[in-house]
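Trainee: This is the structure I have questions about; it appears just below.
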Amino acid sequence: MSVSAAEAELSEDERAGLGLVRQTGGIHQSDFWKELDVSSRKGSRIVESLVEKELVDREETVYDGHNTYYITPTARDLDFTLLMAGDMLSPFIGEEEVDPNSDAFSQWIMNLAYEQ
Numbered sequence: 019m020s021v022s023a024a025e026a027e028l029s030e031d032e033r034a035g036l037g038l039v040r041q042t043g044g045i046h047q048s049d050f051w052k053e054l055d056v057s058s059r060k061g062s063r064i065v066e067s068l069v070e071k072e073l074v075d076r077e078e079t080v081y082d083g084h085n086t087y088y089i090t091p092t093a094r095d096l097d098f099t100l101l102m103a104g105d106m107l108s109p110f111i112g113e114e115e116v117d118p119n120s121d122a123f124s125q126w127i128m129n130l131a132y133e134q
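Next comes the structure, spelled out in structure tokens:
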């Protein structure tokens with residue numbers, strides 16, 4: 019299931035939880051449910067659902083002397099097709115300086131033009 023399809027099926031609480039994790043870039047589960055103003059039990063269920071849908075990752079940790087989890091957003095589905103022209107990857111990827119008059123760039127532009 020793609021990230022967008024999984025997100026479309028989220029409840030309001032799950033959507034708020036995912037937003038919080040993405041906004042913070044990572045949060046301890048003990049703070050997660052407090053920030054959402056839900057019970058720890060409900061917060062745990064929200065996190066479990068998001069983990070199951072592969073929208074967040076959960077890692078065991080110790081925080082303020084207590085065992086808890088650290089929740090981080092997972093990498094989103096990435097679409098690399100905009101960097102492709104046919105089967106060629108853009109010559110601008112990975113290069114610090116690219117000569118726009120180079121053969122590699124010209125060939126990539128030609129592939130892009132013929133693709134459409």
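Numbered per the numbering used here, the sequence shown finishes at 134, counting up by one with no gaps. All C-beta atoms in this analysis are idealised placements derived from N, C-alpha and C, irrespective of residue type, glycine included.
1) Starting from the N-terminal side, write out each stretch of the alpha helix (DSSP H) that is 4 residues or longer and does not extend beyond the region 38 to 81.
2) Kindly indicate the opening and closing residues of the beta strand (DSSP E) around residue 152.
3) I believe residue 111 touches residue 101 by the beta-carbon criterion, under 8 Å. Please report the beta-carbon distance rounded to the nearest angstrom.
4) In the DSSP assignment, find the alpha helix (DSSP H) that holds residue 133 and state where it starts and stops.
5) From this set, 92, 105, 107, 47, which residue's C-alpha is nearest residue 71's C-alpha?
6) So, are the CB atoms of residue 50 and residue 36 less than 8 Å apart?
7) Buried or exposed: where does residue 32 fall if 16 or more other Cβ atoms within 10 Å of its Cβ makes it buried?
Mentor: This is what the structure holds:
1) 47 to 54, 58 to 70
2) Outside the displayed range of the chain (19 to 134) lies residue 152, so it cannot be described from this structure.
3) 6 Å
4) 121 to 133
5) 92
6) no
7) The residue in question, residue 32, is buried, as its Cβ has 16 or more Cβ neighbours within 10 Å.
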